[in-house]
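Residue numbers (full-length UniProt numbering): 1 to 341.
Reviewing the structure listed below.
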């Protein structure tokens, strides 16, 4: 809603910048907002809450922030402080919102994350406020405090989970993995090649965010798909096959559609120049069905160059370093970034 006359100074709800802080001028770091501004914000919030009939009306903080020209998070902090202890003024210098986590609390927090690394901050906050050996850990710990403790004290970050097959967790399979790792440690890293495939679907990765006015929705007639890869058309799937050493991608191929056993065999044959360099003695691949379908043919080609074919343990793609490299390639492809193809 437009203000009367188009001038914000004519709106009685708007507080002039000269009264923004206790110093009597524009807001500067270290100076608190003027108490009258805090009181006005809380009063208007309570009025909106009463009109809506709920304690926390949706969008009220943002509306008040727009009226008095402060950030929405600032309004939210003022409202939280008022509802928790009736405080309108700023905290005294030297005080904090909550107790800093000590060694005992950090140990407990670390044990929670070891048991379940997908816990969100609000869940950790709930656990931290419960009884631990008969003593309340940190009754008033905030999510921000927990976040800082996880990032700075525990050295952890929140990232996408990589799902693993449940078979990988069996004791028998763990022994197989350990034996494989021990065998690979006896092979010079410079003489090992790694190969794998990754799929790219150009129906995915459509951009769902765009720039628009700060208020209201940003609309588009259709999500824009940007297909830059020369070997693909919009709306098609593709596959990238790559051969990697510890230094670089030695060979690659981009295919239309999913790769099959013939594509895999053709890729190995086309990569003969890499094997002919006589720098490599082993090729590591996973247990994909297309690899086993032409195993004898691939081994025949590799034997000409003195290269031994090694299969990863089952359910262990994480032991192949090319997996991470192909993820770095797949992300910009799915995002339809210009210059990728």
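Backbone N, C-alpha and C define an ideal beta-carbon position, used for all residues, glycine too.
Remember, it's a predicted structure, so these values are computed and weren't measured experimentally.
Please return the same chain residues whose Cβ sits closer than 8 Å to the Cβ of residue 95, not counting the five positions on each side in sequence. By 1-based counting over the chain shown, the position of residue 95 is 95. Unreliable positioning characterises residue 95 in this predicted model, as indicated by a pLDDT of 47, which lies under 50. The coordinate reading is nonetheless provided below. Result list for residue 95: empty, nothing under 8 Å.
Could you tell me whether the Cβ atoms of residue 268 and residue 301 are closer together than 9 Å? Position 268 of the chain shown, counted from the start, is the residue given in the question as residue 268. Position 301 of the chain shown, counted from the start, is the residue given in the question as residue 301. Against a cut-off of 9 Å, the Cβ pair of residue 301 and residue 268 comes out as a contact.
Can you pull the DSSP bridge partners for residue 280? Here residue 280 refers to the residue found at position 280 of the chain shown. Answer by DSSP bridge pairing: none, since residue 280 is not bridged.
Inter-residue Cα distance where the pair is residue 170 and residue 191: Translated into positions along the chain shown, residue 170 becomes position 170. Translated into positions along the chain shown, residue 191 becomes position 191. Their Cα atoms are separated by approximately 31 Å.
Spatial neighbours of residue 265 within its chain, please: CB distance less than 6 Å, with the 5 preceding and 5 following residues excluded, ordered by chain position. Here residue 265 refers to the residue found at position 265 of the chain shown. Excluding residues within five positions, the ones whose Cβ falls inside 6 Å are 294, 297.
List the endpoints of the continuous alpha helix (DSSP H) containing residue 42. To locate residue 42, count along the chain shown from 1; it is residue 42. Start and end: 35 to 52.
Strand pairing of residue 158, partner residues [DSSP]: Residue 158 sits at position 158 when you count from the first residue of the chain shown. Looking at the DSSP assignment, residue 158 forms no beta bridge with any residue, so it has no partner.
If you check the beta carbons only, do residue 263 and residue 246 fall under 9 Å apart? As a position in the chain shown, residue 263 is number 263, starting the count at 1. As a position in the chain shown, residue 246 is number 246, starting the count at 1. Cβ distance not < 9 Å, so residue 263 and residue 246 don't count as in contact.
Between which two residues does the beta strand (DSSP E) harbouring residue 252 extend? Position 252 of the chain shown, counted from the first residue, corresponds to residue 252. 249 to 256 is the extent of the beta strand (DSSP E) around residue 252.
9 Å Cβ cutoff met for residue 149 and residue 101: The count along the chain shown starts at 1 and reaches residue 149 at position 149. The count along the chain shown starts at 1 and reaches residue 101 at position 101. Against a cut-off of 9 Å, the Cβ pair of residue 101 and residue 149 comes out as a contact.
Same chain, Cβ closer than 8 Å to residue 147, neighbours up to 5 away in sequence not counted: Sequence index remark: in the chain shown, residue 147 carries index 147 (1-based). So the qualifying residues of the chain are 121.
Can you list, in chain order, the residues of its chain with a C-beta nearer than 8 Å to that of residue 325? Leave out the 5 residues immediately preceding and following it. Looking up residue 325 in the chain shown gives position 325. For residue 325, where only same-chain residues beyond five positions count, the Cβ hits under 8 Å are 242, 244, 249.
Residue 152 classed as buried or exposed, judged by whether at least 16 other C-beta atoms fall within 10 angstroms: Taking the chain shown and counting its residues from 1, the one referred to as residue 152 is at position 152. Exposed.
Check whether the Cβ of residue 297 lies closer than 9 Å to any Cβ atom in chain D. Of the chains in the structure shown, none is chain D; there is only one protein chain.
Which of the three DSSP states is assigned to residue 55 in this structure? Walking along the chain shown from the start, residue 55 turns up at place 55. In the structure shown, residue 55 sits in coil (DSSP, three-state: anything other than H, G, I, E or B).
Nearest residue (CA-CA) to residue 106, options 175, 42, 217, 154: What you label residue 106 is simply residue 106 of the chain shown in a count that begins at 1. Cα-wise, what sits closest to residue 106 is 154.
Start and end of the beta strand (DSSP E) containing residue 310? For the purposes of this step, residue 310 is taken as the residue at position 310 of the chain shown. Looking at the DSSP string, the run of the beta strand (DSSP E) that includes residue 310 is 308 to 311.
In the DSSP output, which residue or residues are listed as bridge partners for residue 198? The residue you call residue 198 lines up with position 198 of the chain shown. The partner list for residue 198 (beta bridge, DSSP) reads 240.
For residue 129, which of 114, 303, 109 has the nearest alpha-carbon? What you label residue 129 is simply residue 129 of the chain shown in a count that begins at 1. Minimum Cα distance to residue 129 is reached at 109.
Rounded Cβ spacing between residue 64 and residue 44 (contact assumed at less than 8 Å): Translated into the one-based positions of the chain shown, residue 64 becomes position 64. Translated into the one-based positions of the chain shown, residue 44 becomes position 44. Residue 64 to residue 44, Cβ: 5 Å. Contact.
Taking its Cβ as the centre, do 16 or more other Cβ atoms sit within 10 Å of residue 188, making it buried, or is it exposed? Along the chain shown, read from residue 1 onward, the residue named residue 188 stands at position 188. Classification for residue 188: exposed.
Quick one: is residue 70 buried, meaning 16 or more other Cβ sit within 10 Å of its Cβ, or exposed? Along the chain shown, one-based indexing puts residue 70 at 70. That one is buried.
Looking at C-alpha atoms only, which residue of 123, 312, 115, 303 is the closest neighbour of residue 291? Position 291 of the chain shown, counted from the start, is the residue given in the question as residue 291. When C-alpha distances from residue 291 are compared across 123, 312, 115, 303, the shortest belongs to 312.
Same chain, Cβ closer than 8 Å to residue 318, five either side skipped, listed in chain order: Residue 318 sits at position 318 when you count from the first residue of the chain shown. Hits under 8 Å: 162, 164.
So the alpha helix (DSSP H) residue 259 belongs to, where does it begin and stop? For the purposes of this step, residue 259 is taken as the residue at position 259 of the chain shown. For residue 259, there is no enclosing alpha helix (DSSP H), as DSSP marks it with neither H nor E.
Give me the DSSP bridge partner(s) of residue 192. Along the chain shown, read from residue 1 onward, the residue named residue 192 stands at position 192. In the DSSP output, where bridge partners are listed per residue, residue 192 has 282.
Burial state of residue 280 (16 or more Cβ within 10 Å): Along the chain shown, read from residue 1 onward, the residue named residue 280 stands at position 280. So residue 280 counts as buried.
Three-state secondary structure (DSSP) of residue 147: Taking the first residue of the chain shown as 1, we reach residue 147 at position 147. Correct three-state label for residue 147: helix.
Can you give the Cα-Cα distance for residue 24 and residue 56, rounded to whole angstroms? Stepping through the chain shown from its first residue, residue 24 is reached at position 24. Stepping through the chain shown from its first residue, residue 56 is reached at position 56. The pLDDT assigned to residue 24 is 42, lower than 50, so where the model puts this residue is not dependable; a value taken from the coordinates is nonetheless given after this. Each residue's Cα considered, the two are about 31 Å apart.
Continuous beta strand (DSSP E) assignments of at least 3 residues falling wholly in the segment 96 to 131: none
Near residue 72, what residues of its chain come up, given a Cβ to Cβ distance below 6 Å and the 5 sequence neighbours on each side ignored? Taking the first residue of the chain shown as position 1, residue 72 is located at position 72. Once the five neighbours on either side are set aside, the close Cβ partners of residue 72 are 61, 62, 65.
What's the call for residue 158, buried or exposed, on a 16-neighbour Cβ count within 10 Å? Locating residue 158 in the chain shown gives position 158, counting from the first residue. With fewer than 16 Cβ atoms within 10 Å of its Cβ, residue 158 is classed as exposed.
Would you kindly report the start and end of the unbroken alpha helix (DSSP H) that includes residue 420? Within the shown structure, residues of the chain are numbered from 1 to 341, placing residue 420 beyond reach of any answer.
Reference residue 196; option with closest CA among 316, 74, 68: Against the chain shown, residue 196 aligns to sequence position 196. Nearest C-alpha to residue 196: 316.
Three-state secondary structure (DSSP) at residue 213? Residue mapping note: residue 213 aligns to position 213 of the chain shown, counting from 1. In the structure shown, residue 213 adopts coil according to DSSP, grouped into three states.
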